[in-house]
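Asks:
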Amino acid sequence: MTTSPVVAADTLSPTIPVFPLSGALLLPRGELPLHIFEQRYRDMVRDSASAHGLIGMIQPTEPEWTSERPDLYRIGCVGRVSGLRETDDGRYYLTLIGLCRYSVVEELPMAHGYREVVANYEHFLSDLDPPPPSGANREELLAALRNYLDARELETDWTQIGGVDEETLINALAMMCPFDPREKQALLEAPSLAERSEALIALFKMGGMIASGDGPSLLQ
Numbered sequence: 030m031t032t033s034p035v036v037a038a039d040t041l042s043p044t045i046p047v048f049p050l051s052g053a054l055l056l057p058r059g060e061l062p063l064h065i066f067e068q069r070y071r072d073m074v075r076d077s078a079s080a081h082g083l084i085g086m087i088q089p090t091e092p093e094w095t096s097e098r099p100d101l102y103r104i105g106c107v108g109r110v111s112g113l114r115e116t117d118d119g120r121y122y123l124t125l126i127g128l129c130r131y132s133v134v135e136e137l138p139m140a141h142g143y144r145e146v147v148a149n150y151e152h153f154l155s156d157l158d159p160p161p162p163s164g165a166n167r168e169e170l171l172a173a174l175r176n177y178l179d180a181r182e183l184e185t186d187w188t189q190i191g192g193v194d195e196e197t198l199i200n201a202l203a204m205m206c207p208f209d210p211r212e213k214q215a216l217l218e219a220p221s222l223a224e225r226s227e228a229l230i231a232l233f234k235m236g237g238m239i240a241s242g243d244g245p246s247l248l249q
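For our numbering, count along the sequence shown from 1 and bump the result up by 29.
Dropping the structure here:
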């Protein structure tokens, strides 16, 4: 799903906690449901909720199990905590509402048990406004999606898909489809909505070929 948060650039904190999670993609105006159960990230949610309410999603460049503190990609997306609910045993359920992508300037020393970075939003401030019509080929995107789902023997509600706007459709597909972390990162870093749509079409086509046994791996 996507929503339309109203936020000014000067409300984006330059220092944010980050939640490194492979395969998790947040995009501006996207909604990412999260279940927080690890103690350090419970602390992160509590501290964020009592301060600016921001958490940066970012992917590690290698699987989390390979290192206590794996390197991070240089671009992530900051979101605002919404719908926060705490369980009796201290776990959190929340939805992160995507606001703006950011570049990591530097990672700060770990002072609170979770990772924090200095974020630069300068190159992504256009994320704060709904994009103009991109000219993306909706028919080609939906045809590629249909072939991808058919090849994987999956189904979707086409009546719902038909009624959503361009940005919601493209970003929801990018966030929800089971692409690998490098592909998710490429979708995040796409400079425009049209280029994200083109990347999706390519991934759907290649993914459909692989599922049917006709193609190579998605990324070499």
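Glycine included, each C-beta is placed from N, C-alpha and C at the ideal position.
Only a predicted model underlies this, so the values are computations on that prediction, with no experimental measurement involved.
Using a 10 Å radius around the Cβ and a threshold of 16 neighbouring Cβ atoms, would you call Ala140 buried or exposed?
Replies: Numbered from 1 along the sequence shown, position 111 holds the residue referred to as residue 140. Burial call: exposed.
Asks: Pick from Glu182, Arg225, Ser51: whose alpha carbon is nearest that of Leu167?
Replies: As a working note, residue 167 is residue 138 in the sequence shown. Sequence check: residue 167 is Arg here, not Leu. Nearest C-alpha to Arg167: Arg225.
Asks: Are at least three pairs of beta-carbons, each pair with one atom in the region 39-47 and one in the region 71-90, less than 8 angstroms apart?
Replies: In short, these stretches touch, since the Cβ pair count reaches three.
Asks: For the beta strand (DSSP E) that contains Ser132, what are its first and last residues?
Replies: To locate residue 132, count along the sequence shown from 1; it is residue 103. Where Ser132 is concerned, the enclosing beta strand (DSSP E) stretches over 121-136.
Asks: If Gly52 and Lys234 are in contact, beta carbons under 8 angstroms, what's the gap, nearest whole angstrom?
Replies: Position 23 of the sequence shown, counting from 1, holds the residue named residue 52. Position 205 of the sequence shown, counting from 1, holds the residue named residue 234. Contact flag wrong, Cβ pair sits at about 21 angstroms.
Asks: Touch check for the region 124-134 and the region 179-199: three-plus C-beta pairs under 8 angstroms?
Replies: No, the region 124-134 does not touch the region 179-199.
Asks: From which residue to which residue does the alpha helix (DSSP H) around Leu170 run?
Replies: Position 141 of the sequence shown, counted from the start, is the residue given in the question as residue 170. Taken as a continuous stretch (DSSP letters only), the alpha helix (DSSP H) holding Leu170 covers 167-180.
Asks: Mark Arg144 as exposed unless 16 or more other C-beta atoms lie within 10 angstroms of its C-beta, in which case mark it buried.
Replies: Residue numbering aside, residue 144 sits at position 115 when the sequence shown is read from its first letter. Classification for Arg144: buried.
Asks: As an exercise, report each continuous beta strand (DSSP E) stretch of at least 3 residues that is fully enclosed by the region 68-102, in chain order.
Replies: For the region 68-102, whole beta strand (DSSP E) runs of length 3 or above, ordered along the chain, are 83-87.
Asks: Excluding the 5 residues preceding and the 5 following Ala165 in the sequence, name in chain order all residues of the same chain whose CB lies nearer than 7 angstroms to its CB.
Replies: Taking the first residue of the sequence shown as position 1, residue 165 is located at position 136. Correct list, in chain order: Glu195, Ile199, Leu222, Ala223, Ser226.
Asks: Can you tell me whether Ser155 is helix, strand or coil according to DSSP?
Replies: Working through the sequence shown from its first residue, we reach residue 155 at position 126. If DSSP states are grouped into helix, strand and coil, Ser155 belongs with the helices.
Asks: Within a Cβ cutoff of 8 angstroms, which residues of the same chain sit near Ala215, ignoring the five residues on either side of it in sequence?
Replies: Within the sequence shown, residue 215 is the residue found at index 186, counting from 1. Ala228, listed in sequence order.
Asks: In or out: Leu63 buried (at least 16 other Cβ within 10 Å) or exposed?
Replies: Translated into the one-based positions of the sequence shown, residue 63 becomes position 34. Classification for Leu63: buried.
Asks: Would a C-beta distance cut-off of 9 angstroms place Arg58 and Gly142 closer than the cut-off?
Replies: Taking the sequence shown and counting its residues from 1, one reaches residue 58 at position 29. Taking the sequence shown and counting its residues from 1, one reaches residue 142 at position 113. Going by C-beta atoms, Arg58 is not nearer than 9 angstroms to Gly142.
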